[in-house]
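Residue numbers (this note's numbering), protein chains in the order written: chain A, 16 to 122; chain B, 157 to 271. Beta carbons: idealized from backbone N, C-alpha and C, even for Gly. As the structure is a computational prediction, the values presented were derived from the model and not from experiment. So the structure is just underneath, and the comments pick up after that.
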Amino acid sequence: KNEVEQSPQNLTAQEGEFITINCSYSVGISALHWLQQHPGGGIVSLFMLSSGKKKHGRLIATINIQEKHSSLHITASHPRDSAVYICAVYHNNDMRFGAGTRLTVKP
Amino acid sequence: GAVVSQHPSRVICKSGTSVKIECRSLDFQATTMFWYRQFPKQSLMLMATSNEGSKATYEQGVEKDKFLINHASLTLSTLTVTSAHPEDSSFYICSASPFDGYEQYFGPGTRLTVT
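So this is what it looks like as structure tokens:
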């Protein structure tokens with residue numbers, strides 16, 4: 016079993032829909048990252064959080080430390096949100112990555 | 157702020173040759189740099205961690221003589237793939253951290269194709 020599990024693996028949505036991507040982890044962490052990887056390959060760090068909730072524009076990330084679970088929400092999704100979203104946890108001076116969720120938003 | 161560059165973005169080389177990939181932190185000093193590789197439709201796999209001025213720490217299964225890492229300064233780390241083979245073809249991504257990896261900033265990646 017992977018230490019970081021993401022769901023769903025693939026997600027297709029219509030423009031404007033509310034999107035939720037989930038991440039569960041099984042190790043103790045000091046921080047959790049949500050990363051976005053565009054088709055060209057470049058990775059952007061969206062959020063780093065260790066408790067509660069963060070919001071940036073249409074993106075919201077939440078984390079529940081007790082349940083070892085985090086969610087990434089996208090409101091009013093847009094085709095430019097199409098990318099792979101990766102959950103990564105910082106554990107023992109090391110980052111562990113989820114397999115990623117491939118999001119496609121159709122116009 | 158927190159921009160990391162990689163060069164080259166794409167490289168094609170012949171089997172048996174060596175390829176050097178540079179990773180630079182442009183607006184901060186990177187105490188620690190990380191090198192990852194990513195195969196198609198797979199997640200990132202950490203290859204090695206390097207701290208400025210000291211030898212890199214390689215993950216299990218990564219050949220240190222094949223993947224030479226030099227973290228010569230607080231803004232530059234290089235990965236040299238020696239005697240490249242087609243199975244080394246992959247997407248190589250670096251990240252840089254101003255601390256010990258708690259916060260990482262990723263480079264745009266280098267796509268290596270070995271023919």
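Would you say residue i reaches chain B, if we count a Cβ-Cβ gap shorter than 8 angstroms as a contact?
| i | result |
| --- | --- |
| Gly56/A | yes |
| Ser41/A | no |
| Gly72/A | no |
| Phe33/A | no |
| Ile44/A | no |
| Ile36/A | no |
| Ala91/A | no |
| Ala28/A | no |
How would you list, in chain order, the residues of chain A whose beta-carbon sits under 8 angstroms from the beta-carbon of residue i?
| i | result |
| --- | --- |
| Gly217/B | The premise fails here: Gly217/B is roughly 15 angstroms from chain A at the closest Cβ pair, so nothing lies under 8 angstroms. |
Could you tell me whether the Cβ of residue i comes closer than 8 angstroms to any Cβ of chain A?
| i | result |
| --- | --- |
| Ile177/B | no |
| Phe184/B | no |
| Ile249/B | yes |
| Leu268/B | no |
| Glu208/B | no |
| Tyr214/B | no |
| Ser161/B | no |
| Pro196/B | no |
How long is the line joining the alpha carbons of residue i and residue j, rounded to whole angstroms?
| i | j | result |
| --- | --- | --- |
| Phe190/B | Gln198/B | 18 angstroms |
| Met201/B | Asn17/A | 13 angstroms |
| Met63/A | Thr173/B | 39 angstroms |
| Lys68/A | Glu215/B | 33 angstroms |
| Thr188/B | Pro254/B | 7 angstroms |
| Val167/B | Thr266/B | 7 angstroms |
| Arg95/A | Met203/B | 31 angstroms |
| Pro164/B | Ile89/A | 33 angstroms |
| Gln185/B | Thr231/B | 6 angstroms |
| Ala91/A | Ile80/A | 27 angstroms |
| Ile75/A | Asp244/B | 37 angstroms |
| Glu32/A | Pro23/A | 16 angstroms |
| Val59/A | Cys179/B | 16 angstroms |
Is it buried or exposed, residue i, if we count other Cβ atoms within 10 angstroms and call 16 or more buried?
| i | result |
| --- | --- |
| Gly263/B | buried |
| Ser233/B | buried |
| Phe195/B | exposed |
| His93/A | exposed |
| Thr116/A | buried |
| His241/B | exposed |
| Val19/A | buried |
| Asp221/B | exposed |
Name the chain B residues whose beta carbon is nearer than 7 angstroms to that of residue i?
| i | result |
| --- | --- |
| Ala98/A | Chain B residues near Ala98/A: none, gap ~13 angstroms exceeds 7 angstroms. |
| Ile101/A | Ser199 |
Residue i versus chain A: which residues are under 7 angstroms apart at the beta carbon?
| i | result |
| --- | --- |
| Glu259/B | Met63 |
Who are the neighbours of residue i on chain A, taking C-beta pairs under 9 angstroms?
| i | result |
| --- | --- |
| Pro264/B | Gly55, Gly56, Gly57, Ile58 |
Give, in chain order, every residue of the stretch 58-87 of chain A whose Cβ lies closer than 8 angstroms to some Cβ of chain B. Ile58, Val59, Ser60, Met63
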